[in-house]
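S.K.: Sending over a structure as structure tokens; questions will come in a sec.
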Amino acid sequence: MKADPRGVLTGIHFMDGDHAACEGALAAGCRFAAGYPITPSTEVVERFAARIPTVGGVFIQMEDELASSIAIQGGAWAGHKVMTVTSGPGLSLMMEHVGLAAITETPCVIVDVQRGGPSTGLPTLPAQADMMQVRWGSHGDYSIIALSPNSPQECFDLLIKAFNLAEEYRVPVFFMMDEVVGHMTERVVIPEASEIEVVERKWTRKKPGEYRPFECEDGSLVPSMVKAGDGYRIHITGLTHDERGYPAMNVAAQDKLVRRLKDKVDLLRDRIVDVREDGVDGADVVVVSYGITSRIAGAAVEAARARGVRVGHMRLVITWPFPSGRIAEVAKTARAFVVPELNMGQMVIEVERAVCGRASVRCVPHAGGTVHDPDVILDAIMEAAR
Amino acid sequence: MAKTEIRIGGLGGQGVILSGIIIGKAAAIYDGKHSTLIQAFGPEARGSACSAQVTVSDAPIGYPYVKNPDILVVMSRDAFVQFAPTLKDNGLLLYEEELVEPSGLPAGVRAYGVPATRFAEELGRRLVLNIVMVGFFAGVTGLLSYSAMEKAVLASVPRGTEDLNLRAFKRGYEHGQALVARA
Amino acid sequence: MSEDLARFEDVENPVMPYLRQERIPHIWCPGCGIGTTVNCFARALTESGLDLDKVSIVSGIGCTGRVAGYMRLDSFHTTHGRAIPFATGLKLANPRLKVVVYSGDGDLFAIGGNHFVHAARRNMDLTVICVNNSTYGMTGGQVAPTTPLGATQTTMPYGNFENPFNLPFLADACGAVYVARWTVFHVKQLTRAMKEALLKPGFTFIEVLAPCPTLYLRRNRLGDGVDQVKYYKEKSTIKHGADTKEVGLGFQSDIVVGKFVDRERPTWLDSMNQHFSKVLGTRFQPWGGSNGED
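Chains as they are written, first to last, in our numbering: chain W, 1236 to 1621; chain F, 473 to 655; chain Z, 19 to 312.
And the structure:
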């Protein structure tokens, strides 16, 4: 399906990442957003608030992030594509409803413009330290999808992809920006609506009475949806439930539901992951990076090549699910992995798990506040190559 | 693969960020180059220090920050004191000559001054001093085409002020060209 | 729906078609007042004439939080305290829906207090029904923001020394356009109030006093559910238009019931639509309308 032209600001713009993300959401068909002000993410909803009245839709500034993150779920069950936007402290509050969205399989997008933490931390400066929180932050077992854009253009392009993935898999999808990407201004090309592919919600074809909200058909792991007001009289609960959506307080129901909540992303991991590779085959050292750090790492990789090191670069565009399979494959030939990230070592744990001792793994941590100095990453590459 | 790193510094309220946006826009939209603008983001009280970093390049830009600019544009004494030591050797300094007195510059730096505030006042609005500065930048550096810069100015200023801003841009531009011709 | 109703009317409790019968028996204790309120609500729905396919019910967590699960409506059992913001999203994203929040006192006024305050302030087009049983039932009888001074609860083992909320006063002060209080003794009045609230645009609020025999009454040696209903009968005075400041509750004190507030204010959506029409003119894309007029 093609994008609704009313939401598409076709043209060539000089725009920052926050504003580009808003345009991405509108192009994706988001017509309901709720948010609470928090630096450095606020510009996304400020623009949404200004744009949505002429596109057709609603923005509401809620009383806090607890409210924002569940108001959008009401919006989703009313039939719309929905989004909320936040940063670290707000993300912590939203964890309650990440779990609700996971268990009720409510498609929604949560934009996280990462800043330094813990707690209030560095409100105006970057970090990539929420990577594990978005994967594991709400209690219980479930799966999510996360994307890591590295430029304003990607804030537009990949946010559309984020909405599409939310609809396809019915999971909360996290859009892991950071302060640098959010506030960096670059050229953003917004194509014609007819060139933008958007995924429509998977609506049921069944009639009221026949339809069971959490029944999967045709071997799919993702049930089809209806919306409130269509006569289906659905029941949706955050309790463990059966295919009818009714609470089911027993071991079998728990196993069936939770297993599927994990499997629907984990088993389809290879279809979802998106790794951009540069010179990985035959490389001795492989740098694994994501988000803003991938741009800095790119500069270090080139500098290392100029010094004769056979170094490859794997850029994770989709960070969750993690591309364990591909990393494991590369670990058969590469001698070392170098993982720079704006945290004290988060995704490197996943790299280590996938490499499983077949190569050395070197973390290049950074507590946040700015990006890495490319020379620091270069040094790590040179040491790993030795 | 030419890459030019620019730092613009001044005080909040002088239109420092808008100057960066105009240069970035001229490069990225109208001159077909790559450009990244980073703005120092903080409590933006009027009158406090404010700066923008602009990278202009023929190739995609990786590292987005400007550590050692090729070109430094300063509209306040504080900005000069803070950023002048970071200028590359043989770099270029553009300064508001009634607010900044350059001294102790890195080796080989060429410096050009413009009375941007006075020019702006003569044009009728002190507010357009940043556009005079942008014109001056265009005139001295020749980094971006005149037409790209002009279009970027028109696309960035409030509706109804285009004429005034174009005159400010021209005034700065001509002053810059004249200084370069003399040098 | 009406055919279904006719079929059931002679043989069964007329409320049954409104319930998910396959989920009965319910979880509520004998003598609990929640079921009575559901009965009244079902009758109010019939009398309201609303298209039930367009009515959604949203609950939080707790004993009253289970109401959504038993109603044969589009029903959402959300997280603790967050029924109102979920309902807000549902209503704003589809203004044609009538959205009811049905939850308990702890859920709506302790953990969810901030959401209540702001939804009332905004005059969000929601009907909020609070079953106030003065305690946390589901978790075993802890002190609630509505527990009267002096009542004993598991986390106030020596008697409650915290001042409780006067819910009608709170709702009134925050801007609710309809505020009423009834008890489960007043089934007719409660049913009428629910109907009025359902049909009135804006943030409408009903507090229903209901007994929790298992945890509140037993712990305070107040007898069983019937004894408490007797208390409601004997100590209640109907006083429509009462000053909400004056209707606070004490331990087994006199109870003022009635319709305290009934006023007009534009709803959030109406305000938004009017404001944007004025400011943005024809560029504005109007969004729905309140209570199905769209």
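Using N, Cα and C, we set each Cβ at its ideal position, and we do this for glycine too.
1) Using a Cβ-Cβ distance cut-off of 9 Å, determine whether residue 1421/W contacts chain F.
2) Use the C-beta contact count for residue 1511/W: other C-beta atoms within 10 angstroms, 16 or more gives buried, fewer gives exposed.
3) Kindly give me the distance between the Cβ atoms of residue 49/Z and residue 231/Z, rounded to whole angstroms, as I take these residues to be in contact under 8 Å.
4) If you drop the 5 nearest sequence neighbours on each side, which residues of the same chain put their C-beta closer than 6 Å to that of residue 1574/W?
5) Threshold first: 4 residues or longer. Then list the alpha helix (DSSP H) segments lying entirely within the segment 1269-1313 of chain W, N to C.
6) Residue 1388/W lies in the beta strand (DSSP E); which residues open and close that run?
7) Report the CB separation of residue 1328/W from residue 1299/W in whole angstroms; it is logged as a contact under 8 Å.
8) Could you compute how far the alpha carbon of residue 309/Z sits from the alpha carbon of residue 114/Z?
9) What is the rounded straight-line gap between the Cα of residue 1281/W and the Cα of residue 1295/W?
10) Scan the segment 563-603 of chain F and note each continuous beta strand (DSSP E) run of 3 residues or more that stays entirely inside, going in chain order.
11) What residues match up with residue 536/F in a beta bridge as DSSP calls it?
12) Is the segment 182-196 of chain Z touching the segment 119-139 of chain Z, taking contact as three or more C-beta pairs under 8 Å?
13) Three-state secondary structure (DSSP) at residue 38/Z?
14) Taking the CB atoms as reference points, tell me whether residue 1267/W and residue 1313/W lie closer together than 9 Å.
15) Within 10 Å of its beta-carbon, does residue 96/Z have 16 or more other beta-carbons around it, so buried, or fewer, so exposed?
16) Out of 1576/W, 1490/W, 1265/W, which one is the CA nearest neighbour of residue 1391/W?
17) Can you say whether residue 203/Z is buried or exposed, counting buried as having 16 or more other CB atoms within 10 angstroms of its CB?
18) Kindly indicate which three-state DSSP category residue 1418/W falls into: helix, strand or coil?
19) So the candidates are 642/F, 638/F, 525/F; which of them puts its Cα closest to the Cα of residue 492/F?
20) Between residue 533/F and residue 475/F, is the Cβ-Cβ spacing less than 9 Å?
21) Alpha carbon to alpha carbon, how far is residue 1465/W from residue 117/Z?
22) Figure out for me which residue from 298/Z, 302/Z, 291/Z has the closest Cα to the Cα of residue 110/Z.
23) Per DSSP, what are the beta-bridge partners of residue 200/Z in this structure?
24) Chain Z partners of residue 1297/W, CB-CB under 7 Å?
25) What separation, rounded to the nearest whole angstrom, lies between the Cα atoms of residue 570/F and residue 643/F?
26) Taking its Cβ as the centre, do 16 or more other Cβ atoms sit within 10 Å of residue 19/Z, making it buried, or is it exposed?
27) Along the segment 51-72 of chain Z, where does the CB come closer than 7 Å to a CB of chain W? Name the residues.
28) Based on the DSSP secondary-structure assignment, which residues constitute the bridge partners of residue 478/F?
29) Is the shortest distance between the beta-carbon of residue 1462/W and the beta-carbons of chain Z less than 9 Å?
30) Alpha carbon to alpha carbon, how far is residue 83/Z from residue 240/Z? Give it in angstroms, no decimals.
31) Residues of chain W with CB closer than 8 Å to the CB of residue 497/F, please, in chain order.
32) Who are the Cβ neighbours of residue 312/Z in its own chain at under 7 Å, not counting the five residues just before and after it?
33) By DSSP's criteria, residue 1516/W is part of a beta bridge. Which residues make up the other side?
34) Is any beta-carbon of chain W found at less than 9 Å from that of residue 486/F?
35) Can you tell me whether DSSP reads residue 648/F as helix, strand or coil?
36) Can you pull the chain W neighbours of residue 303/Z, defined as C-beta to C-beta under 9 Å?
M.R.: Taking the structure as given:
1) yes
2) exposed
3) 4 Å
4) 1523, 1583, 1586, 1598
5) 1277-1290, 1300-1312
6) Here residue 1388/W belongs to no beta strand (DSSP E); instead the alpha helix (DSSP H) covers 1387-1404.
7) 6 Å
8) Low per-residue confidence applies at residue 309/Z: pLDDT is 38, beneath 50, and the placement is therefore not dependable, though the value from the model is reported in the following sentence. Taking the CA atoms as reference points, residue 309/Z sits about 6 Å from residue 114/Z.
9) 11 Å
10) The qualifying runs are 564-568, 582-586.
11) Beta-bridge pairing links residue 536/F to no other residue.
12) yes
13) coil
14) yes
15) By the 10 Å Cβ count, residue 96/Z comes out buried.
16) It is 1265/W.
17) buried
18) helix
19) Per the Cα distances, 525/F.
20) Cβ distance < 9 Å, so residue 533/F and residue 475/F count as in contact.
21) 14 Å
22) 291/Z
23) 226/Z
24) For residue 1297/W, the chain Z residues whose C-beta falls within less than 7 Å of its own C-beta are 103, listed in chain order.
25) 16 Å
26) For residue 19/Z, the pLDDT reaches just 47, beneath the cut-off of 50, and the residue's location in the model is therefore unreliable, although a value from the coordinates is still provided. The residue in question, residue 19/Z, is exposed, as its Cβ has fewer than 16 Cβ neighbours within 10 Å.
27) 71, 72
28) 526/F, 543/F
29) Residue 1462/W counts as touching chain Z.
30) 25 Å
31) 1249
32) For residue 312/Z, the pLDDT reaches just 38, beneath the cut-off of 50, and the residue's location in the model is therefore unreliable, although a value from the coordinates is still provided. Excluding positions up to five away in sequence, the list reads 113, 114, 306.
33) Paired residues: none, contrary to the question.
34) no
35) helix
36) 1241, 1287, 1288, 1289, 1290, 1291, 1292
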